[in-house]
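Participant: Take this note's numbering: the final residue in the sequence shown is number 666, and no numbers are missing along the way.
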Amino acid sequence: MIRKIINALWVLLAVALIAIVVVFVSISKGWIGYMPPVEELENPNYKFATEVFSEDGKVLGTFSMEKNNRVYSSYADLSPNIIHALIATEDVRFAEHSGIDAKALFRAIVKRGLLLQKSAGGGSTISQQLAKQLFTEKVASNTMQRLLQKPIEWVIAVKLERYYTKEEILTMYLNKFDFLNNAVGIKTAASTYFGCEPKDLKIEQAAMLVGMCQNPSRYNPVSRNPKIRENALGRRNVVLRQMEKAGYISDAECDSLQALPLKLAYTRVDHKEGLATYFREYLRGVMTAKKPVKSEYRGWQMQKYYEDSLDWETNPLFGWCEKNTKKDGSKYNLYTDGLKIYTTIDSRMQKYAEDAVTEHLKELQGYFFKEKKGAKKAPYTFRLTQEQVDEILDRAMRLSDRYRIMKRAGASEAEIRKAFDTPEQMSVFSWSGEKDTVMTPMDSIRYYKFFLRAGFMSMDPRNGHVKAYVGGPNHHYFKYDMAMVGRRQIGSTMKPYVYSLAMENGFSPCDQARHVEYTLIDENGKPWTPRNANKKRYGDMVTVKWGLANSDNWITAYLMSKLNPYELKRLVHSFGVRNREIVPSVSLCLGPCEVSVGEMVSAYTAFPNKGIRVAPLFVTRIEDNDGNVLATFSPEMPPMATTGMDTALQIAFRVS
Numbered sequence: 011m012i013r014k015i016i017n018a019l020w021v022l023l024a025v026a027l028i029a030i031v032v033v034f035v036s037i038s039k040g041w042i043g044y045m046p047p048v049e050e051l052e053n054p055n056y057k058f059a060t061e062v063f064s065e066d067g068k069v070l071g072t073f074s075m076e077k078n079n080r081v082y083s084s085y086a087d088l089s090p091n092i093i094h095a096l097i098a099t100e101d102v103r104f105a106e107h108s109g110i111d112a113k114a115l116f117r118a119i120v121k122r123g124l125l126l127q128k129s130a131g132g133g134s135t136i137s138q139q140l141a142k143q144l145f146t147e148k149v150a151s152n153t154m155q156r157l158l159q160k161p162i163e164w165v166i167a168v169k170l171e172r173y174y175t176k177e178e179i180l181t182m183y184l185n186k187f188d189f190l191n192n193a194v195g196i197k198t199a200a201s202t203y204f205g206c207e208p209k210d211l212k213i214e215q216a217a218m219l220v221g222m223c224q225n226p227s228r229y230n231p232v233s234r235n236p237k238i239r240e241n242a243l244g245r246r247n248v249v250l251r252q253m254e255k256a257g258y259i260s261d262a263e264c265d266s267l268q269a270l271p272l273k274l275a276y277t278r279v280d281h282k283e284g285l286a287t288y289f290r291e292y293l294r295g296v297m298t299a300k301k302p303v304k305s306e307y308r309g310w311q312m313q314k315y316y317e318d319s320l321d322w323e324t325n326p327l328f329g330w331c332e333k334n335t336k337k338d339g340s341k342y343n344l345y346t347d348g349l350k351i352y353t354t355i356d357s358r359m360q361k362y363a364e365d366a367v368t369e370h371l372k373e374l375q376g377y378f379f380k381e382k383k384g385a386k387k388a389p390y391t392f393r394l395t396q397e398q399v400d401e402i403l404d405r406a407m408r409l410s411d412r413y414r415i416m417k418r419a420g421a422s423e424a425e426i427r428k429a430f431d432t433p434e435q436m437s438v439f440s441w442s443g444e445k446d447t448v449m450t451p452m453d454s455i456r457y458y459k460f461f462l463r464a465g466f467m468s469m470d471p472r473n474g475h476v477k478a479y480v481g482g483p484n485h486h487y488f489k490y491d492m493a494m495v496g497r498r499q500i501g502s503t504m505k506p507y508v509y510s511l512a513m514e515n516g517f518s519p520c521d522q523a524r525h526v527e528y529t530l531i532d533e534n535g536k537p538w539t540p541r542n543a544n545k546k547r548y549g550d551m552v553t554v555k556w557g558l559a560n561s562d563n564w565i566t567a568y569l570m571s572k573l574n575p576y577e578l579k580r581l582v583h584s585f586g587v588r589n590r591e592i593v594p595s596v597s598l599c600l601g602p603c604e605v606s607v608g609e610m611v612s613a614y615t616a617f618p619n620k621g622i623r624v625a626p627l628f629v630t631r632i633e634d635n636d637g638n639v640l641a642t643f644s645p646e647m648p649p650m651a652t653t654g655m656d657t658a659l660q661i662a663f664r665v666s
C-alpha cells in the first residue's frame with residue numbers, strides 16, 4: 011500500500027513537472043497569454059519626450075504626452091549611487107541570475123505563501139519588474155490571468171536577459187519607471203525632485219527615488235499628506251540600510267545619512283513654465299502642422315491659409331513631422347519619439363528679454379490702470395459707443411473655452427449667459443502674483459482686457475538666428491503670441507521702406523523739400539493731411555536725410571506725394587511682409603497697416619545686410635533619440651523683388 015502511494019506521488023510529481031514544462035513552453039511560444047514578438051523584445055516601444063535645447067546647451071523644455079514626460083538617460087549618465095541603491099533594494103543577486111532569482115523566489119513562496127509573513131520580501135527580480143512595466147503592466151481581470159501573469163513575467167524576464175546586458179536592463183528600468191508628479195524616467199525624476207542630472211544624484215537622493223519604486227503613491231515625498239511624507243522618509247532609510255547590508259556604504263555612512271531630513275528641490279514639470287514658453291509653443295505648432303486644406307479655413311482665416319500654404323511649400327521646418335518618416339515608414343511623433351531639437355535661442359538673452367518685457371509692461375500697466383480708473387467704457391477708449399464695447403466683449407466671450415464647452419454640451423444661449431454672469435471663485439493674473447478672487451466669468455474677460463501686451467524678437471541679421479523670442483507677458487494667462495502670430499499697426503517703422511522706395515525712384519539723401527504740412531489726395535479724391543510731432547524748422551528747406559533721421563511725418567508725406575502707394579505695397583511685400591490686406595493708400599507711408607514683430611525683424615535685416623533680407627531661423631538641427639542627425643537647417647535669404655535695392659538701402663540707412 012505504501013509502495014503504491016509512493017509510486018502515485020512520483021507519478022503526480024512527474025505529471026506536475028511535465029505540466030509546468032508544457033505551460034512554460036506554451037507561454038514562450040505565445041500559445042497561452044501574451045508573449046511579445048522578438049522584434050518587440052529587442053526594441054521595446056518606449057515613448058520619450060522631445061527635448062528643446064538652446065544654442066548654449068540649456069534645455070528650454072520638452073514636448074510630451076500627458077503623464078509621459080520621459081527623457082532618455084544612458085547608463086553612462088547614471089550615478090553609481092542610483093545603480094547601487096536599486097540593486098541593493100530590489101535585486102541584490104542581480105549580477106548572478108538570468109532573470110529569475112530562485113533563492114528569493116523560494117523564500118517568498120515559503121515565507122509569504124506558507125508562513126504568511128508580510129515582511130518576507132518579494133521574489134521579483136529587476137528583470138521581472140521590467141517585464142511587467144513593458145509588457146504585462148495591465149492588471150489581470152480574472153483568476154486565470156492572475157495565475158498566468160507571474161509565469162509570463164518569468165519567461166519575458168529570461169528573454170530580456172538573453173537580449174540585453176545587465177547595464178542595459180538597469181537603464182531600461184530606470185528610464186521606464188513613473189516617479190509621479192509628471193516625472194517619468196530617472197532623468198526627469200532627478201530634475202523634478204532634486205534639480206539635478208541623474209549622474210549628480212547623492213546617495214540619500216538616490217535612496218529616496220529607489221524607495222519610491224516599491225509604491226510611488228505610498229512613498230510620495232511631496233504629498234500633502236504628512237503621513238505619506240513620513241513614509242517616504244522611512245522608506246528612504248530602509249533603502250540606505252539595504253545599501254549598507256550589500257556593502258555599498260559603511261554602517262557609519264548609513265547612520266549619518268539616515269539622520270538627514272528629506273531635502274528636495276521640487277520643481278514640477280509644466281509646459282507653461284520656464285524660459286521661452288511662447289517660442290516653444292510656436293515651434294510645436296510649426297513642426298506638427300498639417301498640409302493646409304482650404305475647406306478647413308473659415309472666411310476670415312484666408313490670410314492664415316495663404317501663409318500656411320506658403321510655409322508648407324517653402325519652409326522645411328513647417329510640418330516637419332508630417333513631411334518626414336522614420337525607417338518603418340511611420341511619421342515622426344513630436345511627443346513620443348524623443349527627438350532633440352537644437353534651436354537658435356540663447357538662454358541668457360532670452361532671460362534678459364523676458365525680464366525686460368516684464369519690467370516694461372509692469373510699469374506701464376500701473377499708468378494704464380490709473381488712467382482708466384472710473385471710466386465707464388474701460389479698458390476701451392471713450393470714443394467707442396457702449397454698443398461697440400459690448401460687441402467686443404461678447405465676441406471675446408464666444409471665443410472662450412468655457413463658451414465652446416457649454417455650447418458643445420447642448421446648453422442654450424440663455425443658460426450660457428447666465429453662467430457667465432454668475433460669480434464664482436477663481437485665480438487671476440496680476441503683476442504682484444496670482445490672486446484668488448470672486449468674480450463673474452464675464453467680469454474676468456473684461457479684467458484681462460485691461461492688460462497691456464508686447465512682442466519681442468532679437469535676431470542676428472547675418473544668419474537669421476533668433477536669439478530671443480517673447481510673445482507676451484505670461485503664457486499661462488495670455489496665450490496669444492504677439493511675436494509671430496499677432497499683427498499690430500507699425501506706425502513710423504514704415505518710414506525706412508518709404509525712403510527706400512524714394513531712393514529706388516531716383517531721390518538722393520541730399521534732395522531738399524520745404525518743411526511744411528502737405529495735403530495728399532487719395533485715389534477716391536479725399537484729402538489727407540498728416541500731423542507732425544512738432545514744428546521745429548517749420549518752413550525751412552530740409553534734406554531727405556534729415557526727414558528720415560528725425561522720423562518726420564511731413565517729409566515722409568512729401569515723398570509719398572511723388573511715389574505710387576501700389577509700389578510701396580509691393581516693396582513692403584518684397585521685404586517679407588506677408589499681410590495681403592495692406593491697403594495701398596497715400597496714408598500707408600505712416601504705417602497704418604498691421605504687421606507682426608517677426609516679419610518686421612526679418613524685413614529690417616535688409617538694411618544692415620545691404621539689401622539682402624534674411625528669414626528668421628529658429629532651429630539648426632534635429633536629432634533622433636540616439637543622436638543621429640535627421641535634419642539640418644540653414645539661413646534662407648529670399649531674393650528681393652526690387653531694382654537697385656543694394657544702393658538704395660545703403661543710402662537710406664546712412665543716417666544713423
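Just so you know, even glycine gets a beta-carbon here, dropped at the ideal spot from N, CA and C. None of these values were measured; they are calculated from a predicted model.
Give me the Cα-Cα distance between residue 186 and residue 20, rounded to the nearest whole angstrom.
Facilitator: Position 176 of the sequence shown, counted from the first residue, corresponds to residue 186. Position 10 of the sequence shown, counted from the first residue, corresponds to residue 20. Cα to Cα, the separation comes out at about 45 Å.
Participant: Which value, in whole angstroms, describes the spacing of the CA atoms of residue 89 and residue 200?
Facilitator: Numbered from 1 along the sequence shown, position 79 holds the residue referred to as residue 89. Numbered from 1 along the sequence shown, position 190 holds the residue referred to as residue 200. Near 11 Å, if we compare the C-alpha coordinates of residue 200 and residue 89.
Participant: Name the DSSP beta bridge partners of residue 522, please?
Facilitator: Residue numbering aside, residue 522 sits at position 512 when the sequence shown is read from its first letter. Per DSSP, 553.
Participant: When the Cβ atoms of the segment 350–366 are set against those of the segment 63–73, are three or more pairs found closer than 8 Å?
Facilitator: The segment 350–366 is in contact with the segment 63–73.
Participant: How would you write the range of the beta strand (DSSP E) that residue 567 sits in, first residue to last?
Facilitator: Position 557 of the sequence shown, counted from the start, is the residue given in the question as residue 567. It is not in any beta strand (DSSP E) - residue 567 instead sits in the alpha helix (DSSP H) that spans 563–571.
Participant: Would you report the Cα separation of residue 525 and residue 514, rounded to the nearest angstrom?
Facilitator: Residue 525 sits at position 515 when you count from the first residue of the sequence shown. Residue 514 sits at position 504 when you count from the first residue of the sequence shown. Distance between the alpha carbons of residue 525 and residue 514 is about 22 Å.
Participant: Please go through the same chain and pick out, in chain order, the residues whose beta-carbon is closer than 7 Å to the beta-carbon of residue 456, but skip the five residues on each side of it.
Facilitator: On the sequence shown, residue 456 is found 446 positions in, with the first residue counted as 1. 403.
Participant: Between residue 542 and residue 562, how many whole angstroms is the CB-CB distance? I'm expecting something under 8 Å.
Facilitator: Start at 1 with the first residue of the sequence shown, and residue 542 comes out as number 532. Start at 1 with the first residue of the sequence shown, and residue 562 comes out as number 552. Sure, about 7 Å apart at Cβ, within 8 Å.
Participant: Contact between the segment 474–486 and the segment 367–385: three or more CB pairs below 8 Å?
Facilitator: A contact exists between the segment 474–486 and the segment 367–385.
Participant: Could you tell me which whole alpha helix (DSSP H) segments of length 4 or greater appear in the segment 460–522?
Facilitator: Here the runs fully enclosed are 505–514.
Participant: Pop quiz: residue 494 and residue 606 are said to be a contact at Cβ under 8 Å. What is the actual Cβ separation, rounded to whole angstroms?
Facilitator: Here residue 494 refers to the residue found at position 484 when the sequence shown is read from its first residue. Here residue 606 refers to the residue found at position 596 when the sequence shown is read from its first residue. Sure, about 6 Å apart at Cβ, within 8 Å.
Participant: How many angstroms separate the CA atom of residue 57 from the CA atom of residue 74?
Facilitator: Sequence index remark: in the sequence shown, residue 57 carries index 47 (1-based). Sequence index remark: in the sequence shown, residue 74 carries index 64 (1-based). So the alpha carbons of these two residues sit roughly 9 Å apart.
Participant: In whole angstroms, what is the alpha-carbon distance linking residue 210 and residue 194?
Facilitator: The residue labelled residue 210 in the question sits at position 200 within the sequence shown. The residue labelled residue 194 in the question sits at position 184 within the sequence shown. Rounded to whole angstroms, residue 210 to residue 194 spans 18 Å at the Cα level.
Participant: What is the DSSP secondary structure of residue 352, counted as helix, strand or coil?
Facilitator: The residue labelled residue 352 in the question sits at position 342 within the sequence shown. Three-state result, residue 352: strand.
Participant: Considering residue 427, what are the terminal residues of the alpha helix (DSSP H) in which it resides?
Facilitator: Start at 1 with the first residue of the sequence shown, and residue 427 comes out as number 417. Where residue 427 is concerned, the enclosing alpha helix (DSSP H) stretches over 423–430.
Participant: Contact defined as beta carbons within less than 8 Å: I believe residue 94 pairs with residue 222. What is the distance between those atoms, to the nearest angstrom?
Facilitator: Along the sequence shown, read from residue 1 onward, the residue named residue 94 stands at position 84. Along the sequence shown, read from residue 1 onward, the residue named residue 222 stands at position 212. Contact doesn't hold; Cβ gap of about 16 Å is too wide.
Participant: For the structure I just gave you, are there three or more beta carbon pairs, one from the segment 331–350 and one from the segment 626–635, closer than 8 Å?
Facilitator: Enough Cβ pairs lie closer than 8 Å, so yes.
Participant: In three-state DSSP terms, what is residue 71?
Facilitator: Within the sequence shown, the letter at position 61 stands for residue 71. Strand at residue 71.
Participant: If you draw a straight line from the C-alpha of residue 217 to the C-alpha of residue 430, how long is it?
Facilitator: Residue mapping note: residue 217 aligns to position 207 of the sequence shown, counting from 1. Residue mapping note: residue 430 aligns to position 420 of the sequence shown, counting from 1. Cα to Cα, the separation comes out at about 50 Å.
Participant: With a threshold of 16 other CB atoms inside 10 Å of the CB of residue 167, please say whether the residue is buried or exposed.
Facilitator: To locate residue 167, count along the sequence shown from 1; it is residue 157. By the neighbour-count rule (16 or more Cβ atoms within 10 Å), residue 167 is buried.
Participant: Hey, out of 298, 314, 556, whose CA is closest to residue 305's CA?
Facilitator: Within the sequence shown, residue 305 is the residue found at index 295, counting from 1. Looking at the Cα atoms, 314 is the closest of the given residues.
Participant: Any idea which residues DSSP pairs residue 61 with across the strands?
Facilitator: Within the sequence shown, residue 61 is the residue found at index 51, counting from 1. Residue 61 is bridged to 72, 350.
Participant: Is it the case that the Cβ atoms of residue 101 and residue 136 are separated by a distance below 8 Å?
Facilitator: Mapped onto the sequence shown, residue 101 falls at position 91. Mapped onto the sequence shown, residue 136 falls at position 126. Cβ distance < 8 Å, so residue 101 and residue 136 count as in contact.
Participant: For residue 571, which residues in the same chain have their Cβ closer than 8 Å to its Cβ, ignoring the five residues on either side in sequence?
Facilitator: The residue labelled residue 571 in the question sits at position 561 within the sequence shown. Within the same chain, residue 571 has close Cβ partners 528, 530, 596.
Participant: Whose CA, out of 644, 587, 448, lies closest to the CA of residue 317?
Facilitator: Walking along the sequence shown from the start, residue 317 turns up at place 307. Out of 644, 587, 448, 587 has the C-alpha closest to the C-alpha of residue 317.
Participant: If distances are taken between C-alpha atoms only, which option among 339, 300, 307 comes closest to residue 322?
Facilitator: Residue mapping note: residue 322 aligns to position 312 of the sequence shown, counting from 1. The candidate whose alpha carbon is nearest that of residue 322 is 300.
Participant: Are there 16 or more other CB atoms within 10 angstroms of the CB of residue 475, so buried, or fewer, so exposed?
Facilitator: Here residue 475 is taken as the residue at index 465 of the sequence shown, counted from 1. Counting Cβ neighbours within 10 Å, residue 475 comes out buried, since at least 16 surround it.
Participant: My output table needs one value for residue 3: the three-state DSSP class, helix, strand or coil.
Facilitator: Because the chain in this structure spans residues 11 to 666, residue 3 falls outside the shown range and cannot be described.
Participant: For the 8 Å Cβ check, are there 3 or more pairs between the segment 323–342 and the segment 614–621?
Facilitator: No, the segment 323–342 does not touch the segment 614–621.
Participant: Do you know offhand how far residue 581's Cα is from residue 374's?
Facilitator: Against the sequence shown, residue 581 aligns to sequence position 571. Against the sequence shown, residue 374 aligns to sequence position 364. About 34 Å.
Participant: Would you tell me roughly how many angstroms separate the C-alpha atoms of residue 626 and residue 592, rounded to the nearest one?
Facilitator: Taking the first residue of the sequence shown as position 1, residue 626 is located at position 616. Taking the first residue of the sequence shown as position 1, residue 592 is located at position 582. Near 22 Å, if we compare the C-alpha coordinates of residue 592 and residue 626.
Participant: For residue 412, tell me which candidate among 399, 398, 427, 401 has the shortest Cα-Cα distance.
Facilitator: Within the sequence shown, the letter at position 402 stands for residue 412. Comparing Cα positions, the closest option is 427.
Participant: Once the 5 residues before and after residue 651 are set aside, which same chain residues still bring their CB inside 6 Å of it?
Facilitator: By one-based count along the sequence shown, residue 651 stands at place 641. In this prediction, residue 651 scores a pLDDT of 48, lower than 50, which makes its location untrustworthy; the coordinate-derived value is nonetheless stated afterwards. Correct list, in chain order: 584.
Participant: Please go through the same chain and pick out, in chain order, the residues whose beta-carbon is closer than 8 Å to the beta-carbon of residue 464, but skip the five residues on each side of it.
Facilitator: Numbered from 1 along the sequence shown, position 454 holds the residue referred to as residue 464. Closer than 8 Å at the Cβ level, and outside the excluded window around residue 464, lie 367, 370, 371, 480, 482, 483, 492.
Participant: Apply the 10 Å Cβ neighbour rule to residue 12 and answer buried if 16 or more other Cβ atoms are within range, or exposed otherwise.
Facilitator: Stepping through the sequence shown from its first residue, residue 12 is reached at position 2. Looking at its Cβ environment, which holds fewer than 16 other Cβ atoms inside 10 Å, residue 12 is exposed.
Participant: To the nearest angstrom, how far is it from the Cα of residue 549 to the Cα of residue 523?
Facilitator: Within the sequence shown, the letter at position 539 stands for residue 549. Within the sequence shown, the letter at position 513 stands for residue 523. When rounded, the distance between both Cα atoms is 9 Å.
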